[in-house]
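Quick note: the sequence shown, position 143, residue 142 per numbering that gives the first Met the number 0, numbers continuous.
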Amino acid sequence: MNFCSNCGSSNIGRRVPPGDHLPRYICDACGEIFYHNPKMVVGCIAQWAGKILLVKRAIEPRYGWWTLPAGYMENQETAGQGAAREAREEALADIEIGMLYTHFSIPHINQVYIMYLAHLIGPKFGAGEESLAAELFSEEEIPWDELAFPVMRKTLELYYEDRRNGYFRCHSGDITYENHDRRQALEYAVSSSP
Ligand SMILES: [Zn+2]
Numbered sequence: 000m001n002f003c004s005n006c007g008s009s010n011i012g013r014r015v016p017p018g019d020h021l022p023r024y025i026c027d028a029c030g031e032i033f034y035h036n037p038k039m040v041v042g043c044i045a046q047w048a049g050k051i052l053l054v055k056r057a058i059e060p061r062y063g064w065w066t067l068p069a070g071y072m073e074n075q076e077t078a079g080q081g082a083a084r085e086a087r088e089e090a091l092a093d094i095e096i097g098m099l100y101t102h103f104s105i106p107h108i109n110q111v112y113i114m115y116l117a118h119l120i121g122p123k124f125g126a127g128e129e130s131l132a133a134e135l136f137s138e139e140e141i142p143w144d145e146l147a148f149p150v151m152r153k154t155l156e157l158y159y160e161d162r163r164n165g166y167f168r169c170h171s172g173d174i175t176y177e178n179h180d181r182r183q184a185l186e187y188a189v190s191s192s193p
């Protein structure tokens, strides 16, 4: 970083503050310490008549690939509100948020995913500004080879596994990657609620 967002000084250093254990950017003019922490991505599996809603991305990364509606959580909103907002923005869909479904840490890209089960309030949806298309899919119709992110593939695999078993459980896990390549998930460590 070049300038302090607190006082405008360009006198920025990077060191471990007293009592801390990681180097931080510190403004040497006003003393402000800048912490960079992981981002939360919130989204949902929106269900309607046995199918689920996917959107085709109109933005990079993974332009033209399919994913579940999800995006960065905003300040001043709850995770559930964020998931509902993303469904509205990306798929023009009004949804009712249900149970917390998956929670994944992805330390290589400093992200935490929180995905909910949800229901469409009506069969109304379409492509939002960040999407090329929004469509309902049955399990057989899911474009498994064109899914944008391993975390979404894993979430969908868990969803259909639970559905076959007749009940949904909350799943928590970590995803790690080789060479920071999001398409090459190395390892999933998932634990599930009873
Ligand atoms: Zn400053």
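Heads up, the beta-carbon is just placed ideally off N, CA and C, and yes, glycines get one too.
Nearest residue (CA-CA) to residue i, options the options
i           : options         : result
residue 79  : 170, 15, 44     : 44
residue 93  : 31, 23, 129, 68 : 68
residue 148 : 116, 108, 28    : 108
Residue i Cβ short of 8 Å to ligand 2 heavy atom set
i          : result
residue 30 : In the structure shown, ligand 2 is absent; the only ligands present are ligand 1.
Beta-carbon proximity list for residue i, same chain, < 7 Å, skipping 5 on both sides
i          : result
residue 63 : 55, 56, 131
Proximal residues to residue i (C-beta, below 6 Å), its chain only, five neighbours per side dropped
i           : result
residue 152 : 146
residue 24  : 0, 11, 13, 33
residue 138 : 159
Residue i: CB within 8 Å of a non-hydrogen atom of ligand 1
i          : result
residue 12 : no
residue 8  : yes
residue 5  : yes
residue 26 : yes
Per DSSP, cross-strand counterpart(s) of residue i
i           : result
residue 56  : 130
residue 207 : There is no way to answer for residue 207, as the model of the chain reaches only from 0 to 193.
residue 39  : 111
residue 215 : With the chain represented from 0 up to 193, any question about residue 215 goes unanswered, as that position is not in the structure.
Beta-carbon gap between residue i and residue j smaller than 9 Å
i           : j           : result
residue 133 : residue 73  : no
residue 91  : residue 127 : yes
residue 167 : residue 161 : yes
residue 103 : residue 190 : no
Contacting residues, own chain, Cβ-Cβ under 8 Å from residue i (five flanking each side not counted)
i          : result
residue 29 : 3, 5, 6, 8
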